[in-house]
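What follows is a single structure, written as structure tokens, with notes after it.
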Amino acid sequence: MSATADMHVVVIGAGIIGAASALELLRDGQRVTIVEPGEPGGEQAASYGNGCWFSPSSVVPVSMPGLWKKVPGYLLDPLGPLTVRWRYFLRATPWLLRFMRAGATVARAELLSRAMAPLVADSPERHAALAGAAGVDTLIRHAGQLYVFPSRADFAASALSWRLRRERGVRWQELDADELHQREPALDRRYQFAAFVEHGAHCIDPGAYVAALVAHAQALGARLVRAKATGFAIEGGRLRAVRTESGDIACDRAVVAAGAWSKPLARATGDDVPLETERGYHAVIRDPGFELRHTIMPSDGKMAYTMTPQGLRIAGQVEIAGLAAAPNWERAKILRDFALKTYPALPRDLAAERVSVWMGHRPSMPDSLPCIGPASGCADVVYCFGHGHIGLAAGALSGRLAADVVAGQPPAIPLAPYAAARFR
Ligand SMILES: Cc1cc2nc3c(=O)[nH]c(=O)nc-3n(C[C@H](O)[C@H](O)[C@H](O)COP(=O)(O)OP(=O)(O)OC[C@H]3O[C@@H](n4cnc5c(N)ncnc54)[C@H](O)[C@@H]3O)c2cc1C
Numbered sequence: 001m002s003a004t005a006d007m008h009v010v011v012i013g014a015g016i017i018g019a020a021s022a023l024e025l026l027r028d029g030q031r032v033t034i035v036e037p038g039e040p041g042g043e044q045a046a047s048y049g050n051g052c053w054f055s056p057s058s059v060v061p062v063s064m065p066g067l068w069k070k071v072p073g074y075l076l077d078p079l080g081p082l083t084v085r086w087r088y089f090l091r092a093t094p095w096l097l098r099f100m101r102a103g104a105t106v107a108r109a110e111l112l113s114r115a116m117a118p119l120v121a122d123s124p125e126r127h128a129a130l131a132g133a134a135g136v137d138t139l140i141r142h143a144g145q146l147y148v149f150p151s152r153a154d155f156a157a158s159a160l161s162w163r164l165r166r167e168r169g170v171r172w173q174e175l176d177a178d179e180l181h182q183r184e185p186a187l188d189r190r191y192q193f194a195a196f197v198e199h200g201a202h203c204i205d206p207g208a209y210v211a212a213l214v215a216h217a218q219a220l221g222a223r224l225v226r227a228k229a230t231g232f233a234i235e236g237g238r239l240r241a242v243r244t245e246s247g248d249i250a251c252d253r254a255v256v257a258a259g260a261w262s263k264p265l266a267r268a269t270g271d272d273v274p275l276e277t278e279r280g281y282h283a284v285i286r287d288p289g290f291e292l293r294h295t296i297m298p299s300d301g302k303m304a305y306t307m308t309p310q311g312l313r314i315a316g317q318v319e320i321a322g323l324a325a326a327p328n329w330e331r332a333k334i335l336r337d338f339a340l341k342t343y344p345a346l347p348r349d350l351a352a353e354r355v356s357v358w359m360g361h362r363p364s365m366p367d368s369l370p371c372i373g374p375a376s377g378c379a380d381v382v383y384c385f386g387h388g389h390i391g392l393a394a395g396a397l398s399g400r401l402a403a404d405v406v407a408g409q410p411p412a413i414p415l416a417p418y419a420a421a422r423f424r
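Heads up: the sequence shown at position 185 corresponds to 185 in the working numbering, and the numbers run straight through without jumps.
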């Protein structure tokens, strides 16, 4: 138990970040209340419908050199892999400018990559430990990740990404066409080359996983309050309570883990953070008629394929359109249609009832790095949000880091790259 144990800590949000934070706080001997308006790990959360990957190779920022040249095309192609809805364009412009600048040079991309790496490096082991303690280790699979390419030349075309991975200690095995198709016979023959990251793992049902972690936290004594947090009661610089729609909850500390909805909470404690939602989609094809040994990402599709108990999940797409706009299900259809091109065994006339779709909100900072650390306006409030594309993987360590900040103990890794004030 830490020297600063037995504080009452309110965790705001029950996605993977809130769930892992709650468990780490309990481990330190804190008293925990989780505030969440929806189901823990429910469909409203990004943690529910993501690509399922715990990927140590997710050390490449989304913003990379040359991105700025592609943005006009993204604006003009409403069904491309990254799109900005015109109606939201003006509001998104400051974020987009920061996004384009964040990784605009190789030196900047390297810096970001260095800061991403420790968040995901041992994510398979950390999640295995969390899942094991919660009694759901069967949800975690250590099967490795396959990045597949039409040719070795296509792999070489993304040399900078793979250099960043190599420099961060990511190891992979290069597979020729025969080796690849022996491993994954269902894959279309146009893929002739692969990089296999054996260390990668995945979760076959992230929503069920988060729900199990929160149930485990409750079994260990956490209280779950079904409410939306609206702000904080702060007196003399100290936190007195978290304000919710159903009243104040008196507490000593709070962890803001409300994903893409964290911006107004951070503003209430002095930080105007450039947090945007990168909306993503999934399609799940029930009974695809084949199995996959690994999770797969095709270079020409930029989406994650993962076999789940519900079927083949295809997750991806980036849509900048805000928290409120209705989903554009055409984007989930793109994912489904790409799967038809990737796995010839899927029937061309796939019945609509066999496909379920989902849209969710990646909580994204322009530089692909989360905000983890104390709030500028009140150190009793600790941020842990903004994990963008890597939050499922990074969730386990992030929860530990949030608990370290709450306890005032040295964090497992330096937190400077994740300071909320870095964009001032
Ligand atoms: C299509 C897609 C694919 C992805 N693939 C991967 C992947 O393969 N691997 C990976 O590592 N990451 C992936 N991600 C990213 C990952 O899912 C997210 O980074 C992560 O789930 C964020 O977790 P979170 O807990 O911060 O937010 P969320 O899971 O969104 O949870 C936030 C919670 O806060 C609650 N909340 C909101 N407002 C309030 C409030 N005011 N008070 C209280 N509670 C509130 C919400 O109801 C929600 O339950 C993907 C995301 C998407 C969309």
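For each residue, glycine too, the CB sits at the ideal point set by N, CA and C.
Span separating the alpha-carbon of residue i from that of residue j
{"i": "T83", "j": "L323", "result": "15 Å"}
{"i": "A332", "j": "T306", "result": "15 Å"}
{"i": "A133", "j": "A153", "result": "44 Å"}
{"i": "Y383", "j": "P206", "result": "22 Å"}
{"i": "M1", "j": "A156", "result": "The predicted model places M1 with a pLDDT of 48, which falls under 50 and marks its position as unreliable; any figure quoted below should be read in that light. Their Cα atoms are separated by approximately 50 Å."}
{"i": "L26", "j": "V11", "result": "11 Å"}
{"i": "S356", "j": "I285", "result": "7 Å"}
{"i": "E39", "j": "I234", "result": "28 Å"}
{"i": "L265", "j": "L397", "result": "22 Å"}
{"i": "D77", "j": "G311", "result": "30 Å"}
{"i": "A222", "j": "A22", "result": "8 Å"}
{"i": "H142", "j": "S246", "result": "42 Å"}
{"i": "T4", "j": "I249", "result": "20 Å"}
{"i": "A403", "j": "Q182", "result": "45 Å"}
Contact test: residue i Cβ vs ligand 1 heavy atom, cutoff 7 Å
{"i": "A46", "result": "yes"}
{"i": "C52", "result": "yes"}
{"i": "H294", "result": "no"}
{"i": "A121", "result": "no"}
{"i": "E36", "result": "yes"}
{"i": "W86", "result": "no"}
{"i": "Y281", "result": "yes"}
{"i": "R362", "result": "yes"}
{"i": "W261", "result": "yes"}
{"i": "L139", "result": "no"}
{"i": "A369", "result": "The residue asked about is misnamed: residue 369 is Leu in this sequence, not Ala. Result no, Cβ not under 7 Å from ligand 1."}
{"i": "I314", "result": "no"}
Contacts around residue i, its chain only, beta-carbon distance under 8 Å, and the 5 residues preceding and following it disregarded
{"i": "A104", "result": "S63, P65, L67, W68"}
{"i": "D6", "result": "G29, Q30, R31"}
{"i": "G386", "result": "S262, V273, L275, P363, S364, M365, L369, P370, C371"}
{"i": "R91", "result": "G322"}
{"i": "L340", "result": "L346, R348, L350"}
Host beta strand (DSSP E) of residue i (start-end)
{"i": "Q145", "result": "145-149"}
{"i": "V71", "result": "That residue, V71, is in no beta strand (DSSP E); its alpha helix (DSSP H) goes 67-76."}
{"i": "H202", "result": "201-203"}
{"i": "I285", "result": "276-285"}
{"i": "T12", "result": "The identity of residue 12 in the sequence shown is Ile, whereas the question assumes Thr. Residues 8-12."}
{"i": "Y209", "result": "No beta strand (DSSP E) contains Y209, which is instead part of the alpha helix (DSSP H) from 206-219."}
{"i": "A254", "result": "253-256"}
Extent of the continuous alpha helix (DSSP H) to which residue i belongs
{"i": "L160", "result": "159-167"}
{"i": "I296", "result": "Run containing I296: none in the alpha helix (DSSP H); it sits in the beta strand (DSSP E), 295-298."}
{"i": "Q433", "result": "Because the chain is modelled from 1 through 424, residue 433 falls outside the range shown and cannot be assessed."}
{"i": "W95", "result": "86-102"}
{"i": "F338", "result": "330-342"}
Contacting residues, own chain, Cβ-Cβ under 7 Å from residue i (five flanking each side not counted)
{"i": "A268", "result": "G231, F232"}
{"i": "L130", "result": "A20, L23, L213, A396"}
{"i": "W329", "result": "V357"}
Collapsed DSSP secondary structure at residue i in the structure displayed
{"i": "R313", "result": "strand"}
{"i": "Y418", "result": "helix"}
{"i": "A227", "result": "coil"}
{"i": "M1", "result": "In this predicted model, M1 has a pLDDT of only 48, less than 50, meaning its place in the structure is not dependable; the value taken from the coordinates is given anyway. If DSSP states are grouped into helix, strand and coil, M1 belongs with coil."}
{"i": "M116", "result": "helix"}
{"i": "V136", "result": "coil"}
{"i": "D248", "result": "strand"}
{"i": "S323", "result": "Per the sequence presented here, residue 323 reads as Leu, with Ser not at that position. Reduced to three states, the DSSP call for L323 is coil."}
{"i": "A121", "result": "coil"}
{"i": "E235", "result": "strand"}
{"i": "F423", "result": "helix"}
{"i": "A45", "result": "coil"}
Sequence-distant residues of its chain with Cβ nearer than 6 Å to residue i (five each side left out)
{"i": "A420", "result": "D271, V273, C371, Y383"}
{"i": "A14", "result": "I34, E36, P40, V214"}
{"i": "A102", "result": "S63, P366, D367"}
heavy atom of ligand 2 below 7 Å from residue i C-beta
{"i": "K228", "result": "Of the ligands one can find in the structure shown, namely ligand 1, none is ligand 2."}
Within-8 Å CB hit, residue i to chain C
{"i": "Q182", "result": "Judged by its chain identifiers, the structure shown contains no chain C, having just a single protein chain."}
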